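To convert a position in the sequence shown, counted from 1, into the numbering used here, add 6.
Cβ coordinates follow ideal geometry from the N, Cα and C atoms, glycine included.
The model shown is predicted, which means the values in this text are computed figures rather than measured ones.
All remarks here apply to the structure that follows.
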Amino acid sequence: MPKGTYIFPEGFLWGTATAAHQVEGRNQNNTWYAWEQEEGRIINGHQSGLACDWWGGRWREDFDRAQAGGQNAHRLSIAWSRIQPEPDRWDEDALDRYREMLVGLRSRKMTPMVTLHHFSEPLWLAEMGGWENEAVIDAFEAFTRKAVEALMPYCNLWVTINEPNVFMLGAYIEGLFPPGKKDFNAALQVMQHMIRAHARAYKVIHELQPDARVGSSINYRGFRSASWLPWDRLAAKALHTLFNDLFPRTLKDGVFNTIRKKTSIPEAIGTQDFVGVNYYSTDMVRFSPFAAKDMYTKRFYPEDAALSESDFIANIPEGMIEAVKWAGGFGLPIIITENGVDDSKDSLRPRYILEHLHALWKIMNANLRVEGYFHWALVDNFEWERGWTQRFGLWGLDLETQARIRRPSVDLYAEICRTNGIASDTVEKYAPEVMETLFPG
Ligand code: NOJ
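Written out as structure tokens, the structure reads:
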């Protein structure tokens with residue numbers, strides 16, 4: 007078999023990603039905590055509890071692990087509910103805590119990337135109607151100003167809103183995230199408010215920090231027509247337009263296009279410096295006339311795809327190529343802000359990482375500028391409505407003892423980060439089953 011290394015560009019960001027509510031623990035003042043208290047909302051009645059105890063200081067040991075693993079960047083989120091516990095009160099201690107974390111990253115020679123909104127938000131915001139109330143735009147602007155003023159000495163890479171498309175779907179269409187609505191019109195209203203809030207935040211951040219780089223993270227889902235039938239193809243295309251395209255397209259051309267209706271949001275034009283892409287998997291799509299609640303589609307995984315432990319994710323690395331090609335269409339640099347798989351036994355993850363990074367490397371050679379890759383996640387964490395049933399960490403977590411469990415992928419990812427590439431020896435060692443695909447001959 008041939009030997010070699012697929013090398014990434016110099017200065018490429020290699021990191022992992024996390025989000026406040028999923029790792030910090032002990033936050034009782036946000037929408038997700040309240041949601042966890044309601045019966046039937048989270049699988050098996052799981053709760054975030056202490057989570058990975060980052061609020062108690064265990065971020066230090068996890069950052070040490072990331073640094074020892076050769077990572078030169080980390081993406082985390084800050085909790086709006088901690089920084090602004092009430093509409094008229096800022097918590098300076100919470101800001102100090104985040105300051106410490108960012109200094110902690112810098113002192114470990116890791117570039118911080120900070121997300122301002124990652125699914126959870128203050129209870130007072132929910133009480134005033136959350137993202138359905140237009141007032142959220144001013145509120146998000148004020149929060150952004152406060153947080154960025156405090157943290158900009160340590161960070162200039164910002165994600166305003168994480169996965170606005172998943173948030174819209176989970177919270178306002180499927181009813182799986184708080185506030186648990188199933189209302190398509192409300193979902194579109196929320197999305198427009200998120201776009202306008204993003205645009206405001208973009209402007210505020212640049213006003214405060216001219217050299218800032220600001221983007222959002224979109225969950226790019228591959229949608230492939232299950233056949234050549236025109237209605238299946240149209241169904242796949244409609245999902246792509248509404249799920250993948252809606253948010254970032256509006257930031258490019260100022261037109262909020264829901265297929266049925268176009269609304270102009272001119273203030274959104276040009277409010278991204280990079281496109282953040284979270285890519286996990288790809289669906290086959292069939293038109294389904296009776297499935298109104300699934301937007302008249304049936305989605306499923308290809309029969310031959312390897313599935314993750316909970317069948318939640320199919321290993322479809324070609325989707326990474328499509329995602330990056332699509333993101334490249336916005337004419338901006340790209341950062342892979344998430345990619346990963348639930349796998350407590352680490353039986354699929356090594357191959358998943360290698361195949362997705364190989365796909366990424368291939369498409370980068372088509373002259374698409376990708377600046378970094380953040381694996382989801384550094385350590386197992388609270389997986390929203392799926393509780394602790396899904397384990398996405400390079401490191402496992404024993405919830406009882408807070409002990410971290412070293413999975414083989416820790417060392418695999420460290421080899422990738424340290425060599426700034428994918429070496430044939432690494433593939434041979436961690437996922438020999440894909441050697442023939444990655445290094446044929
Ligand atoms: C994307 C979300 O941003 C993150 O919070 C979640 O844990 C991962 N997907 C895995 O489902």
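Contact test: residue 311 Cβ vs ligand 1 heavy atom, cutoff 7 Å: No; taking the cut-off as 7 Å, the Cβ of residue 311 has no heavy atom of ligand 1 nearer than that.
Among 153, 175 and 71, nearest to residue 402 - alpha-carbon criterion: Among 153, 175 and 71, the Cα nearest to that of residue 402 belongs to 71.
Cα-Cα separation, residue 441 to residue 24: Rounded to the nearest angstrom, the gap between the Cα atoms of residue 441 and residue 24 is 30 Å.
Candidates 420, 325, 152 and 274, of which the one nearest residue 356 by Cα: Checked all of 420, 325, 152 and 274; the closest Cα to residue 356 is 420.
Among 245, 430, 126 and 366, the one whose alpha carbon lies nearest that of residue 331: Of 245, 430, 126 and 366, the smallest CA-CA separation from residue 331 is found for 366.
Beta-ladder partner(s) of residue 82, from DSSP: DSSP lists 120 as the beta-bridge partner residues of residue 82.
Distance CB(residue 274)-CB(residue 333) smaller than 8 Å: No, the Cβ-Cβ distance between residue 274 and residue 333 is not below 8 Å.
Among 64, 151, 69 and 124, nearest to residue 101 - alpha-carbon criterion: Closest option to residue 101, Cα to Cα, is 151.
Proximal residues to residue 304 (C-beta, below 7 Å), its chain only, five neighbours per side dropped: Within the same chain, and ignoring the five residues on either side of residue 304 in sequence, the residues whose Cβ sits closer than 7 Å to its Cβ are 292, 294 and 297.
Nonlocal neighbours in the same chain, by C-beta distance under 7 Å from residue 55, ignoring five residues either side: Closer than 7 Å at Cβ, skipping near neighbours: 31.
Cβ neighbour criterion (16 or more within 10 Å) applied to residue 306: Answer is exposed; the Cβ neighbour count stays below 16.
Host beta strand (DSSP E) of residue 290 (start-end): In this chain, the beta strand (DSSP E) harbouring residue 290 covers 280 to 293.
Any non-hydrogen atom of ligand 3 within 7 Å of residue 168 CB: Absent from the structure shown: ligand 3. Ligands present: ligand 1.
Three-way DSSP call (helix, strand, coil) for residue 405 in this model: Coil, per DSSP.
Spatially closest choice to residue 87 from 66, 134, 75 and 149, by CA coordinates: Out of 66, 134, 75 and 149, the CA that lies nearest to the CA of residue 87 is found in 149.
Heavy atom of ligand 1 within 7 Å of residue 426 beta-carbon: Every heavy atom of ligand 1 is 7 Å or more from the Cβ of residue 426, so no.
Span of the alpha helix (DSSP H) around residue 229: Note, residue 229: premise wrong, no alpha helix (DSSP H); beta strand (DSSP E) at 219 to 231.
beta-carbon residue 321 near ligand 1 non-hydrogen atom, thresh 7 Å: Short note on residue 321: C-beta not closer than 7 Å to any heavy atom of ligand 1.
Cβ pair count under 8 Å reaching 3, the segment 417 to 432 against the segment 338 to 351: At 8 Å Cβ cutoff, the stretches do not touch.
Environment of residue 57 [buried if 16+ CB atoms lie within 10 Å]: Residue 57 should be labelled buried.
Beta strand (DSSP E) segment containing residue 430, residue limits: Secondary structure note for residue 430: it is in no beta strand (DSSP E), and the uninterrupted alpha helix (DSSP H) holding it is 430 to 436.
Distance cut-off 7 Å: residue 284 Cβ against heavy atoms of ligand 1: At least one heavy atom of ligand 1 is nearer than 7 Å to the Cβ of residue 284, so yes.
Coil, strand or helix - residue 169 by DSSP: Note: residue 169 maps to coil in three-state DSSP.
Within the segment 308 to 346, ranges of the alpha helix (DSSP H) (whole runs, at least 4 residues): As far as the segment 308 to 346 is concerned, its whole alpha helix (DSSP H) runs of at least 4 residues are 324 to 334.
8 Å contact criterion, which residue 36 and residue 126 should meet: CB distance rounded: Correct: roughly 5 Å between the Cβ atoms.
Helix, strand or coil at residue 40 according to DSSP, with G and I counted as helix: In the structure shown, residue 40 sits in a helix (DSSP, three-state: H, G or I).
DSSP beta-bridge partners of residue 263: Paired residues: 268.
Span of the alpha helix (DSSP H) around residue 364: Element bounds for residue 364: 355 to 370.
CB contact flag (residue 78, residue 116, <8 Å): Between residue 78 and residue 116, the gap from beta carbon to beta carbon is short of 8 Å.
Contact belief for residue 238 with residue 232 at Cβ below 8 Å, rounded distance in angstroms: That belief holds up - the Cβ atoms of residue 238 and residue 232 are roughly 5 Å apart, short of 8 Å.
Close Cβ partners of residue 217 (< 7 Å) along its chain, the five nearest in sequence each way excluded: Cβ within range, chain order: 162.
Spatial distance of residue 190 from residue 227 (CA atoms): Answer to the nearest angstrom: the Cα atoms are 19 Å apart.
Residue 411 - containing beta strand (DSSP E), residue span: Residues 410 to 412.
Span of the alpha helix (DSSP H), counted from its first residue to its last, around residue 211: Residues 190 to 214.
DSSP-derived helix/strand/coil call for residue 160: Here DSSP, grouped into helix, strand and coil, assigns residue 160 to coil.
Coarse secondary structure for residue 48, derived from DSSP in three states: Three-state result, residue 48: coil.
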